[in-house]
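Have a look at the structure below before the remarks.
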Amino acid sequence: MVSFRFSPNPNLAHQINWLPWGEAAFAKAQEENKPVLLSISAVWCYWCHVMDETSYSDPDVARLIDQSFIAIRVDNDHRPDLNSRYNVGGWPTTAFLTGHGGLIGGATYLPPDQFLSMLSELCQAYEEDRAQLYDQARGLLRQRQDRAGRITAGPELDDSFPDQVARSLAGAYDAINGGFGQEPKFPNGPILQYLVHLTRTTSEDFYRSMLVKSLDHMSCGPLYDSEEGGFFRNAGNADWSDPQREKLLEDNISLAQVYLDANSVLDRDDYRRVASQTVDYIVTSLFDSEIPGFRGSQGAHSDYFSLPVSSRMEQEVPAVDPYLYTHSNAQSVSLLLDAAWKLSRPELTGTALAVLDHLESMAQAGKLSHVYDATGAGDELSFLMDWAGLLIALTDAHGYTGREHYLDRAKSVVTELLDRFYDETGGGFFDIEASTQPIGYLRLREKPLAENVSVAIGLLKLWQATRDDDYRQIAETTLSACASTFHEYGAQSAGYGLAVSLLKNSPVEVTVEGRPEDPETSHMIQAAAQLSCPNLVIKPVLVDETQLPAQAHVCLDTLCLPPVTNPDLLEGLVSEMSAPAASPFENVLDRLAGF
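Listed below in structure tokens is the structure:
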């Protein structure tokens, strides 16, 4: 699916002789002894649009590029594998490569005069010092190879890893404004999700304060679109002001889940409202019922999003991405299944399963593609992130519906993951499949932390559903492979801390029987979500007997207790169940006699 996408505003960037990433482009670069100019842009990216409208539309810039470079254009959302290897600090990225794909330099947005100067300097260097540039590119590749080689399964995972990750969060925390890091400020859902976990499972007020300040500042400031719902991608300033007004599906899925879980833990109605409005934005603005699925983003348009709703009606709505992406659509399935119960909105279940069934139909036909649209799959190129997302979505669908079909399909996805991406020698999963003729840095199959964490969590979910220890063992080996490098990610290793915590603790499973729209069911789910168990699994089950009150069954490994109908009894029951005792089975049953 070759698609050169440019700014929706007037520009001349398309007049440059852009080529798609592929063997033909690099063969041309080698034949003509020219460096490669690789432009990595995104349809939602404001500064990508600006660069199209200014720098790439400048006639002198365009002339020099066509004369002295082989120009390749890549869409970040379509090719995350290339973005992860060649991005030089943000979007737009302009990377300069050798004719064999080695990185020799690059920059993000540059205005025409600075960009023209950089192009001229690069041309001169490539003409006069080509051997040195090639040596430099080979050195950078060796550094990546050395780092990738360290991601190998080793000794047993240390119990202290989750705490080490928590400390890295504390070190990056902005105590004045909430959130993590400085400007530009990103909300970063995975970090906040781990903070929700720490708030629920520890007695540390510090984590609770970090979470509350972050969520309050994010939802009460301009980062959140209080008019139409949803969060913008980032803020220009540390105090969450000056937002970059583009909305990404993946970000909003993650943040909706954070606010949904934070409401469950902290009982904050305003967090519930933000979660519900964010879900509304996703379903209303990004959903395509004909496919069915969710489009990847809505582009930046500062004038539109700065207006009140009454004035927005007179403006053209910022365009949404015409394409859909497997990994974020899989994530939407898990969110909507959870939100259907926690927000008492059962209709979301049907939407979630419709999206999942479409993804499944592509997978079963052997056409699962990272990118797709109404016409079908794209180039059928899929990545680790896509299969990992599908695994989690299928296990979640089984947990929420009880349908064995989803469990069987999850097992099939694991087979695909192992065949396509698993490192039999060192453990862990590569981000891309092996290629017969890889170009440049695609010769190096890497093991990104986030994607490996996703696979590990999916495998742990499948182990909990099947009790097949093979799945748990692969998850443990995968997390072990990342043990020597997760520290390098700092606060971005939050997902790793969560995954290790899940692995190291026995699951406490709370099955809540009731109906989503029943307030008693909501109270029981809320009580279950506040339990401090590190590995907490809540399984809502729909029942037809509307006259029966909502009830919860609690299981710790193979020990299961009779149901309770009083949410207030859950915490004491689980505490007694989990506490070490000479005869825990007998003590718990004695305690139940008074219920």
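Numbering (the working numbering), first residue to last: 517 to 1111. Glycine residues also receive a C-beta, built at the ideal position from the N, C-alpha and C atoms. Being a predicted model, the structure only gives us computed values, none of them experimental.
Item to check | Sheet register partners of V552 (DSSP bridge) | outcome: Residue 552 sits at position 36 when you count from the first residue of the sequence shown. In the DSSP output, where bridge partners are listed per residue, V552 has I586 and L613.
Item to check | Euclidean distance between Cα positions of E672 and S928 | outcome: What you label residue 672 is simply residue 156 of the sequence shown in a count that begins at 1. What you label residue 928 is simply residue 412 of the sequence shown in a count that begins at 1. Rounded to whole angstroms, E672 to S928 spans 28 Å at the Cα level.
Item to check | Three-state secondary structure assigned by DSSP to Y650 | outcome: Numbered from 1 along the sequence shown, position 134 holds the residue referred to as residue 650. In the structure shown, Y650 sits in a helix (DSSP, three-state: H, G or I).
Item to check | Residue nearest to A669 in terms of C-alpha spacing, selected from G746, L975, A991 and H886 | outcome: In the sequence shown, counting from the first residue as 1, residue 669 sits at position 153. Looking at the Cα atoms, A991 is the closest of the given residues.
Item to check | Where C561 falls: helix, strand or coil (DSSP) | outcome: In the sequence shown, the residue the question calls residue 561 occupies position 45. Of the three classes helix, strand and coil, the one that applies to C561 here is coil, per DSSP.
Checklist entry - Taking all protein chains shown into account, do 16 or more other C-beta atoms lie within 10 angstroms of the C-beta of M901, making it buried, or fewer, making it exposed? => result Position 385 of the sequence shown, counting from 1, holds the residue named residue 901. Per the 10 Å Cβ criterion, buried.
Checklist entry - In its own chain, which residues sit with a C-beta less than 7 Å from the C-beta of S996, not counting the 5 before and 5 after it? => result Within the sequence shown, the letter at position 480 stands for residue 996. Counting only Cβ-Cβ distances below 7 Å, and skipping sequence neighbours, we find A669, G670, L673 and G943.
Next on the checklist: Assuming contact is defined by CB atoms lying nearer than 8 Å, are V1024 and Y987 in contact in what I supplied?
Outcome noted: Translated into the one-based positions of the sequence shown, residue 1024 becomes position 508. Translated into the one-based positions of the sequence shown, residue 987 becomes position 471. Contact: no.
Checklist entry - Leaving out the 5 sequence neighbours to the left and right, which residues in its chain are closer than 7 Å to L1105 when beta-carbon positions are compared? => result Position 589 of the sequence shown, counting from 1, holds the residue named residue 1105. Low local confidence applies: a pLDDT of 39 at L1105 is under 50, so the model's placement there is unreliable, and no value is given.
Next on the checklist: Give me the DSSP bridge partner(s) of E1025.
Outcome noted: As a first step, residue 1025 must be located in the sequence shown, where it is residue number 509. According to DSSP, E1025 bridges with V1053 and C1071.
Next on the checklist: Less than 8 Å between the beta carbons of C639 and S584, yes or no?
Outcome noted: For this step, residue 639 is matched to residue 123 along the sequence shown. For this step, residue 584 is matched to residue 68 along the sequence shown. Closer than 8 Å, so yes.
Checklist entry - Between N753 and the rest of its own chain, which residues show a CB-CB distance below 6 Å, the 5 nearest in sequence each way excluded? => result For the purposes of this step, residue 753 is taken as the residue at position 237 of the sequence shown. E699, listed in sequence order.
Next on the checklist: Quick check: the stretch 836 to 847 against the stretch 803 to 814, are at least 3 beta-carbon pairs closer than 8 Å?
Outcome noted: yes
Next on the checklist: Would the stretch 1001 to 1009 count as touching the stretch 825 to 832 if we require 3 or more Cβ pairs under 8 Å?
Outcome noted: no
Checklist entry - Beta carbon of E932, beta carbon of W903: below 8 Å? => result In the sequence shown, residue 932 corresponds to position 416, counting from 1. In the sequence shown, residue 903 corresponds to position 387, counting from 1. Yes, Cβ-Cβ distance for E932 and W903 is below 8 Å.
Checklist entry - At which residue ranges does the stretch 616 to 686 contain complete alpha helix (DSSP H) runs of 4 or more residues, listed in the order of the chain? => result 628 to 644 and 646 to 665
Next on the checklist: Using only the alpha-carbon positions, how far apart do A791 and G705 sit?
Outcome noted: Residue numbering aside, residue 791 sits at position 275 when the sequence shown is read from its first letter. Residue numbering aside, residue 705 sits at position 189 when the sequence shown is read from its first letter. Whole-angstrom Cα-Cα distance: 13 Å.
Item to check | Spatial distance of Y516 from R579 (CA atoms) | outcome: The shown model of the chain, from 517 to 1111, leaves out residue 516, and the question about it has no answer.
Item to check | Exposure of D819, with buried meaning 16 or more beta-carbon neighbours within 10 Å | outcome: Along the sequence shown, one-based indexing puts residue 819 at 303. With fewer than 16 other Cβ atoms within 10 Å, it is exposed.
Next on the checklist: Looking at D597: is its Cβ nearer than 8 Å to the Cβ of F937?
Outcome noted: Indexing the sequence shown from 1 puts residue 597 at position 81. Indexing the sequence shown from 1 puts residue 937 at position 421. No, Cβ-Cβ distance for D597 and F937 is not below 8 Å.
Next on the checklist: Relative to the C-alpha of E743, which candidate in A972, N592, D651 and R789 has its C-alpha closest?
Outcome noted: As a first step, residue 743 is located in the sequence shown; it is residue number 227 there, counting from the start. Comparing Cα-Cα distances from E743 to each of A972, N592, D651 and R789, the minimum goes to R789.
Item to check | C-beta atoms of V590 and I620 nearer than 8 Å | outcome: Here residue 590 corresponds to residue number 74 of the sequence shown, with the count starting at 1. Here residue 620 corresponds to residue number 104 of the sequence shown, with the count starting at 1. Contact flag unset, no.
Checklist entry - Which residue from E1033, L1064, N693 and E762 puts its Cα closest to that of D732? => result Reading the sequence shown from its first residue, position 216 is the one you call residue 732. Closest option to D732, Cα to Cα, is N693.
Checklist entry - Looking at C-beta atoms only, is the number of pairs between the stretch 1006 to 1022 and the stretch 1043 to 1054 that lie closer than 8 Å three or more? => result yes
Next on the checklist: Bridge partners for G695 per DSSP, in chain order?
Outcome noted: Position 179 of the sequence shown, counted from the start, is the residue given in the question as residue 695. Note: G695 sits in no beta bridge, so no partner.
Next on the checklist: Here's a check: name, in chain order, each residue in its chain whose Cβ is nearer than 8 Å to the Cβ of E863, leaving out the five neighbours to either side.
Outcome noted: The sequence position of residue 863 within the sequence shown is 347, counting from 1. The residues are A856.
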